[in-house]
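Shown next, in structure tokens, is the structure this report addresses.
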Amino acid sequence: MSEATAQFSDLGMEVPVASIGRELKRLWEADEASTNASMMNFAVYSEGPESLVRNSGAIQELTREHACRALLIGMDRDAPETRIKAWITAHCHLAHGKKSVCCEQISFLMEGKALGRLRNTIFSHLASDLPLIFWWQGELSDLFEAALYRMIDRFLFDSAEWADPGAGFARIREAAVARDGIVLQDLAWTRGFHFRLAVAGLFDDLVAQRALGEVNSVRLVANPDQRTTALLLMAWLATQAGWRLGLELDIAAERAEGCDECFTLESREGRSISVKVEWEAQSAPLSLLEISAPDFVVSVSRDGEADFLHQRLECPGHELVLRGPADGITSTDLLAEQLSRGGKNGLFRKVWPVFFDLLRLTGP
Amino acid sequence: MSNPFREELVSQARSEVCTVVILGATGDLTHRKLVPALYNLAAEGELPPGVKIVGMARRDWSDEYFRDSLEKINREVSRSGHCEELWGEFRECVSYHCSEFQDAEGYRKLSERLDEIDRERGGAGNRLFYVASAPEFFDDILEHLGKAGLNAERAGYWSRVIVEKPFGTDLPSARHLNRIVNATFQERDTFRIDHYLGKETAQNLMVLRFANSIFEPIWNSRSIDSIQITCAEHFGMEGGRGGYYDKAGALRDMVQNHLLQLLSLVAMEPPTDLSADGVRDEKVKVLRSLRQWETPELVAANTVRAQYTAGHVNGKPVVGYREEDRVDPESMTEAYVALRVMVDTWRWSGVPFYVRMGKRLPKKATEISVHFKDAPGVLFSALPGRVPGGNVLVIRIQPDEGISLRIISKLPGASLRMEPVKMDFHYASSFGKSSPEAYERLLLDAMAGDATLFARRDEVEEAWKFIDHLERGWHATETPPKMAEYAAGSWGPVEADALMASEGRTWRRL
């Protein structure tokens, strides 16, 4: 077995690209005991061929709850020779302890020239009538182009992986305009789902609702690798509460005082709200959100990779301490959560205006 | 005042913080269904923060004993597993209040306790009373809740009640119960629970019918030959249930509520909107349209009631119905019932709905099967061999929830031979994630004030009107229709097969 072949042996049986359909049919005919289930086409793209085996592991996990036809694409654009290799396999699970339900996976290793080949390879291997969910790993490249995203129903990405989120989101906005109806899902947004849910839950409390108009400071502690995760959470908070970004002069003044990630928001009533974002290298993606008013604090926190969020509401004579579920840590967990929730994800786009302002005005 | 952070966060109706008071808290329902449902909601972050649970019952238990007792069962039955850390916090939200259901002082103390919980929460609060006691205590509980003022709305805070089935034992008792309930709680605050409506497949019925454009044009007497609704149970009278069941019978225990609810979802017209009353208005029209057979003879001709005799279920010998624990040896209560039901509306004119429910049948299964008319035979009738029957759409409610469609297909080969094939959709295969328990959904809906999946007063009364008419038909003559028999482990009495055969039909084989 050659080194290259051994590297990809976990991807299943290597087959000629032209006969993938025939080989898949054979695969199913060989196993009459299993049910082939598929609710979607799930394409995973990465510009790193070594990702194929890792992503196959992720699909093995995902297909426990999300039956799909998986298309894994590993692209090596720097390879001197233009060629393509393909493997097929099936991931099987006992559904509810009863019968074996299997999902098929086709993996492609593409080398050399990429433009045009990527979309053609995907389009020619889609299961008909099923939606195309596309998970793009890493930076968006020139291969993320209109001919590709016009065919995509749900586009998943992780802006926390981007070196320049501003540029990445510019491409995402382009796609949103060009492809009406595409659902855009950023795993950085998904990472904050249970934080948002916890904040909303705490503000169900009437005492908290009364205090909302008095809020004068917000403190957010996050992992420095999760800048967009943190800013998306802040943008949501500000958008929903109706807080506007303060004057740029205020931000300049805060910076002059040595605080890079401090800025001011202005409430509907004109009250000034000071916001401080702190980065802690060893912390959870989001480790603390604290919203304070005189005699009132609401906080949501997470210790490391704990499975639970601590939720606390404190004011004189009234205290609420709760524990709620936390968001997944791995991309696979987040994807599974996101796919379970489905929906149009309209709230994500709603917070964009504030988020883009925060991206522009804060950070490096 | 509103919570801006809730906006657009999740698509379902927002459940509000409240204190859930379970009356009859030491019973099986609380331990096996209600508290595990609340715990699972908490584990998934769906339970509004600050929800408290107060169990009330007659037994002299402490908070700690009650919590331990709940914990023991939760470990066994919780859908999401049992997490020590989470349970540790959840149990702190649970407390126990000991009182007789007829003791006014007990309700006064309950009221004080609830006020105290509200104060700890920062003011007044919402209250959700879950009447999970034996039916004979319903009157007392509701009356005392009213006398203690626990039914009253207070400055924007609601007080709601969930009532478990049975909603009465006949129309007069249902009306009486409804009067008592509505004298205490407003109808909009009354939630009559029928857990069948909380099941995913029951909820999916409306989606299947109204979100798929291919079905509605053929969902009528022009295309549909008949509809069968089956609820089969392999259980008998285990666990002492014979005492209750022998007073109720299959017709009152299952058909009046679960099966007529399913029938109304299948037969109703499209609602004008998805509001609770929009949907329930249409369901109640179906119940009002159920034909009441005019004479006892017609009732007898369109119904079959039966008891099982000794037989085998799952390979094990079982006794007959009359030999069961707590069943009268001369009982005339049916453990099986089959009905031919006509829905007298334009849409369903001439389409019989066959409804059957039985104990000690070969397996546990609930399903609805829609049998379409045969295609005109002009093309294929001249061919040798038979033309197989028509299309059948099956909606499996439990277990193995899903939908299948039988279509006719050509067998491969040179000759033109046809056989039925099945296209099958299984929830479990396509959606790996397990569905929430019916009680989880229904408790959240009650906290959100969404009564769509609960029975309204007029639905309950119309259903009883229909059932009482059948009962009167059975018992109004000197020679009531005989009690048929079937061997335990079989698919019911031959009389039920004859009910179908007289019209050239057969029960679907499950």
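If you read the sequences in order, they're chains A and B.
Residue 271 in this note's numbering sits at position 271 of the first sequence, with consecutive numbering throughout.
Convert by adding 1000 to the 1-based position in the second sequence; the result is the number in this note's numbering.
Just so it is clear, CB atoms sit at the ideal spot from N, CA and C, and this is done for glycine as well.
* Report all residues from its chain with a CB closer than 8 Å to the CB of Gln-226/A; omit the five preceding and five following residues, and keep chain order. => Around Gln-226/A: Ala-160, Ala-188, Arg-191, Pro-285, Leu-286.
* Asked: Based on the DSSP output, what are the partners of Lys-1052/B in its beta bridges?
  -> Listed as beta-bridge partners of Lys-1052/B by DSSP are Thr-1019/B.
* Spatially closest choice to Glu-1187/B from Arg-1456/B, Lys-1422/B, Asp-1139/B, Pro-1493/B, by CA coordinates -> When each option's Cα is compared against that of Glu-1187/B, the closest is Arg-1456/B.
* Hey, does Phe-1005/B have any beta-carbon neighbour from chain A nearer than 8 Å? -> It does: the Cβ of Phe-1005/B has a partner Cβ on chain A nearer than 8 Å.
* Would you mind sorting Ile-1229/B into buried or exposed? The rule is 16 or more other CB atoms within 10 Å of its CB. => Residue burial annotation: Ile-1229/B is buried, with at least 16 other C-beta atoms found within 10 angstroms of its C-beta.
* Asked: Under the three-state reduction of DSSP, which class applies to Gln-1228/B: helix, strand or coil?
  -> Of the three classes helix, strand and coil, the one that applies to Gln-1228/B here is strand, per DSSP.
* To do: Spell out the partners DSSP gives Glu-14/A in its beta bridges.
  => Residue pairing from DSSP places Glu-14/A in a beta bridge opposite Trp-87/A.
* To do: Flag this pair as touching only if the segment 1033 to 1053 of chain B and the segment 1015 to 1024 of chain B have three or more C-beta atom pairs under 8 Å; answer yes or no.
  => Contact holds: three or more Cβ-Cβ distances are below 8 Å.
* Asked: Is the Cβ of Leu-197/A closer than 8 Å to any Cβ of chain B?
  -> Cβ-Cβ to chain B under 8 Å: yes for Leu-197/A.
* Which same chain residues, not among the five before or five after Ser-217/A, have their C-beta less than 7 Å away from its C-beta? -> Closer than 7 Å at the Cβ level, and outside the excluded window around Ser-217/A, lie Ile-273, Ser-274, Ser-292.
* Asked: What residues in its chain sit with their C-beta under 7 Å from that of Leu-1499/B, if we drop five residues either side in the sequence?
  -> Here the set comprises Val-1304, Ala-1338, Arg-1340.
* Pro-1048/B vs Gly-324/A beta-carbon contact at 8 Å -> Pairing Pro-1048/B with Gly-324/A gives a Cβ-Cβ distance that is not under 8 Å.
* To do: Kindly list, in the order they appear in chain A, the residues whose Cβ is closer than 8 Å to that of Glu-1086/B.
  => Note on identity: in this sequence residue 1086/B is Leu, with Glu being the wrong assignment. Here the neighbours are Phe-308, Arg-323.
* Asked: Among Ser-1502/B, Asn-1151/B, Trp-1491/B, which one has its Cα closest to the Cα of His-1234/B?
  -> Nearest C-alpha to His-1234/B: Trp-1491/B.
* Leaving aside the five residues before and after Met-1/A along the sequence, list all residues of the same chain whose C-beta is less than 6 Å from its C-beta, in chain order. => Low per-residue confidence applies at Met-1/A: pLDDT is 46, beneath 50, and the placement is therefore not dependable, though the value from the model is reported in the following sentence. Excluding positions up to five away in sequence, the list is empty.
* To do: For Met-39/A, collect the residues of the same chain with a Cβ closer than 8 Å to its Cβ; drop the 5 residues on either side in sequence, then sort them by chain order.
  => Within the same chain, Cβ atoms closer than 8 Å to the Cβ of Met-39/A are found at His-66, Ala-67, Cys-68, Leu-130, the five residues on either side in sequence being excluded.
* **Three-state secondary structure assigned by DSSP to Arg-1508/B** => Judged by DSSP in its simplified three-state form, Arg-1508/B adopts coil rather than helix or strand.
* Run down chain B in chain order and give the residues with a C-beta less than 7 Å from the C-beta of Thr-35/A. => Those within 7 Å of Thr-35/A in chain B are Ser-1429.
* **DSSP bridge partner residues for Val-199/A (one or two, in chain order)** => According to DSSP, which records beta bridges pairwise, Val-199/A is partnered with nothing at all.
* Going by Cα to Cα distance, which pick from Asp-10/A, Val-183/A, Phe-144/A, Glu-61/A is closest to Leu-347/A? -> The candidate whose alpha carbon is nearest that of Leu-347/A is Val-183/A.
* Among the residues of its own chain, which have a CB less than 7 Å from the CB of Asp-1068/B, if the five just before and after it don't count? -> Cβ neighbours of Asp-1068/B beyond the five flanking positions: none.
* To do: Tell me, to the nearest whole angstrom, how far the beta carbon of Arg-171/A is from that of Leu-148/A; I am working on the premise that it is less than 8 Å.
  => Not confirmed; about 12 Å, so no contact.
* Asked: DSSP puts Cys-102/A in a beta bridge; with which residues?
  -> Beta-bridge pairing by DSSP links Cys-102/A to Asn-36/A, Cys-92/A.
* Is the CB of Phe-1466/B under 8 Å away from at least one CB in chain A? -> With 8 Å as the cut-off, Phe-1466/B does not count as an interface residue toward chain A.
* Asked: When burial is assigned at 16 or more other CB atoms within 10 Å of the CB, is Asp-1445/B buried or exposed?
  -> Buried, by the Cβ-count rule.
* Beta carbon proximity, Leu-1009/B to chain A, threshold 8 Å -> Taking Cβ atoms only, chain A reaches closer than 8 Å to Leu-1009/B, which makes this a yes.
* To do: Kindly list, in the order they appear in chain B, the residues whose Cβ is closer than 8 Å to that of Leu-91/A.
  => It is His, not Leu, that sits at residue 91/A in the sequence shown. Under the 8 Å cutoff, chain B gives no residues; its nearest Cβ is about 11 Å from His-91/A.
* To do: Kindly say whether Asp-205/A, judged by its beta-carbon, lies nearer than 8 Å to any beta-carbon of chain B.
  => The Cβ of Asp-205/A sits closer than 8 Å to at least one Cβ of chain B.
* **Sub-8 Å separation of Trp-236/A and Val-351/A beta-carbons** => With respect to Val-351/A, Trp-236/A sits close: the two C-beta atoms are nearer than 8 Å.
* To do: Enumerate in chain order the residues of its own chain whose CB-to-CB distance from Glu-269/A is below 7 Å, with the five nearest sequence positions on each side excluded.
  => Cβ neighbours of Glu-269/A within its own chain (closer than 7 Å, five residues either side excluded): Gly-213.
* To do: Ignore the nearest five residues each way along the sequence and tell me which others in Glu-1100/B's own chain have a CB closer than 8 Å to its CB.
  => Correct list, in chain order: Arg-1058, Gly-1106.
* **When Ala-58/A, Leu-24/A, Gly-112/A are compared against Met-75/A, the one with the closest alpha-carbon** => Comparing alpha carbon positions, the residue from Ala-58/A, Leu-24/A, Gly-112/A closest to Met-75/A is Gly-112/A.
* **C-beta contact flag for Ala-1221/B and Gly-1389/B at 8 Å** => Looking at the sequence provided, one finds Ser at residue 1221/B rather than Ala. For Ser-1221/B and Gly-1389/B, no; Cβs fall outside 8 Å.
* **chain B contacts from the segment 344 to 363 of chain A (Cβ-Cβ distance under 8 Å)** => Of all residues in the segment 344 to 363 of chain A, only Gly-346, Leu-347, Lys-350 come within less than 8 Å of chain B when Cβ atoms are compared, listed by chain position.
* Taking buried to mean at least 16 other C-beta atoms within 10 Å of its own C-beta, is Arg-1406/B buried or exposed? -> Residue burial annotation: Arg-1406/B is buried, with at least 16 other C-beta atoms found within 10 angstroms of its C-beta.
* If you drop the 5 nearest sequence neighbours on each side, which residues of the same chain put their C-beta closer than 6 Å to that of Ser-1133/B? -> Leu-1023, Gly-1024, listed in sequence order.
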